[in-house]
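Residue numbers (the working numbering): 2 to 439. Glycine residues also receive a C-beta, built at the ideal position from the N, C-alpha and C atoms. Right, one structure below, let's go through it.
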């Protein structure tokens with residue numbers, strides 16, 4: 002279990018007991034935790050927590066909401082699927098460092114239990130939901146990284162002392178805490194230089210509203226998509242047991258999601274539904290609004306979560322570009338900087354870099370990929386072998402030469418070319434020996 006003093010309830014002063022606990026906690030120099038690691042104790046000390054409309058919002062319940070799942074799945078998968086290129090900048094050129102110890106961990110296998118894709122997806126999904134993600138760096142005798150072990154936030158204790166972070170993990174037998182350079186610590190939005198803010202806490206009511214709306218829809222259809230009504234009878238029943246018998250018969254035979262049946266009522270009884278349809282109660286509109294708000298929280302375009310109401314073929318391409326620039330790129334930079342600081346030696350940081358190769362996102366679109374390559378070839382940015390390497394094809398002889406379109410000329414020569422094109426043509430004639438003399 003995590004340390005008692007690192008739990009979030011120890012920072013409150015709402016009650017005398019909480020104030021006393023908080024004072025001791027501050028004396029011990031522990032940092033503020035952003036997660037409720039002991040909900041039962043929180044409730045005992047006066048914290049209500051929970052979500053909205055009686056719905057509890059936590060990691061598991063949030064992922065049961067389709068919009069949250071789709072957003073987390075999209076961002077974590079899209080980035081984890083990109084190759085992570087490590088290269089050394091020599092000044093005149095860039096050399097890919099496939100021999101670097103971190104290359105295998107970030108592109109093949111991170112630890113005995115996870116491939117690099119699974120590890121990177123787990124880390125990003127965790128930071129998207131919890132605001133933080135942790136991984137213990139295992140090193141060999143030469144201090145080179147040999148494995149990256151994912152650690153769940155609930156099983157991680159973070160301490161802050163002397164301006165540095167220190168870490169403990171449940172089940173670890175190490176006596177002293179791990180130093181900051183031994184742990185990958187990804188953080189999302191933060192209002193200080195400390196811990197990341199959990200979106201589940203910051204947007205608890207928004208997510209809770211979506212879950213409550215979803216549960217309402219489930220309950221509605223579990224009752225057969227039929228709302229309550231009344232059975233009208235022209236007179237009063239002489240036998241009081243008749244009404245109860247008819248009600249039980251109706252509920253047992255006509256509730257649920259089964260197929261349609263014929264409703265048989267006795268003695269002139271007429272059935273009248275009295276409630277309104279979900280659409281009239283703005284059920285569907287509320288559901289759409291919740292999905293749109295969730296997408297905006299994660300900065301994911303609506304079409305990525307299956308909402309096509311405001312998306313057409315013409316603007317989906319632009320939304321996809323904005324998704325890469327405004328959503329994936331900032332997360333990529335966040336991850337790259339953390340990996341660079343923790344996985345590279347101090348002497349390497351100045352010249353060695355790691356970057357996500359976003360060319361991988363074009364693999365599924367041959368038309369866009371072809372247009373991109375054509376533009377790079379025509380402007381001399383890439384050679385034929387550069388393109389073949391990105392397509393995982395062998396180089397060809399002479400393929401390293403670069404070309405530009407012949408019509409492209411330097412501006413400094415434009416006047417010479419104009420003068421040459423507008424100069425009068427010079428013609429020469431050969432005397433005709435057969436022509437008569439004058």
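Between the alpha carbons of residue 95 and residue 193 lies a gap of roughly 36 angstroms. Selection 399, 143, 402, 353 evaluated against residue 92 yields 353 as nearest (Cα-Cα).
When the five nearest sequence neighbours on each side are left out, the beta carbons in the same chain lying within less than 8 angstroms of the beta carbon of residue 379 are those of 404, 405, 406, in order along the chain. The region 290–303 and the region 62–69 touch, with three or more beta-carbon pairs separated by less than 8 angstroms.
A direct Cα-to-Cα measurement between residue 182 and residue 136 gives close to 11 angstroms. Within the DSSP bridge table, the entry for residue 186 names 135 as partners. Going by beta carbons, residue 304 and residue 317 fall inside the 8 angstroms limit. Residue 196 is positioned such that its CB atom lies closer than 8 angstroms to that of residue 133. Within the DSSP bridge table, the entry for residue 146 names 140 as partners. The beta carbon of residue 98 sits closer than 7 angstroms to the beta carbons of 87, 88, 89, 104, 353 from its chain, once the five residues preceding and following it are set aside; these are given in chain order. Taking the C-beta atoms as reference points, residue 130 is found no nearer than 8 angstroms to residue 357.
Contact between residue 107 and residue 148 does not hold, since their C-beta atoms are separated by about 12 angstroms, which reaches or exceeds 8 angstroms. Only exposed fits residue 114, as fewer than 16 other CB atoms lie within 10 angstroms of its CB.
Beta-bridge annotation (DSSP): residue 90 is paired with 95. The Cβ atoms of residue 63 and residue 208 lie closer than 8 angstroms to each other. Within a 10 Å sphere around the beta-carbon of residue 157 sit 16 or more other beta-carbons, which makes this residue buried.
Residue 372 sits in a helix when the DSSP states are folded into three classes. According to the DSSP secondary-structure assignment, residue 355 is paired through a beta bridge with 87.
A distance of 8 angstroms or more separates the beta carbons of residue 154 and residue 344. Secondary structure note for residue 110: its beta strand (DSSP E) is the uninterrupted segment 110–112. Our two residues, residue 347 and residue 111, have alpha carbons roughly 22 angstroms apart in a direct line.
A distance of 8 angstroms or more separates the beta carbons of residue 201 and residue 124. Of the candidates 177, 342, 360, 307, 360 places its Cα closest to the Cα of residue 330.
Distances from the CA of residue 402 to each of 377, 421, 100 were compared; the closest alpha carbon is that of 377.
According to the DSSP assignment, residue 305 belongs to no beta strand (DSSP E), since it is labelled neither H nor E. A direct Cα-to-Cα measurement between residue 215 and residue 179 gives close to 42 angstroms.
Secondary structure note for residue 170: its beta strand (DSSP E) is the uninterrupted segment 165–170. Look at residue 201 here: in three-state DSSP terms it is helix.
With fewer than 16 other Cβ atoms from the protein chains shown falling within 10 Å of its own Cβ, residue 177 counts as exposed. Excluding the 5 residues flanking it on each side, residue 400 has same chain C-beta neighbours closer than 7 angstroms at 384, 385, 386, 389, in chain order. Closest in alpha carbon position to residue 327, among 351, 350, 301, 341, is 301. In this structure, the CA atom of residue 396 is about 48 angstroms from the CA atom of residue 425. With at least 16 other beta carbons inside 10 angstroms of its own, residue 152 counts as buried. Scanning 250, 60, 163, 159 for the CA closest to the CA of residue 171 turns up 159.
Approximately 5 angstroms separates the beta-carbon atoms of residue 122 and residue 77; this is inside 8 angstroms, confirming the contact.
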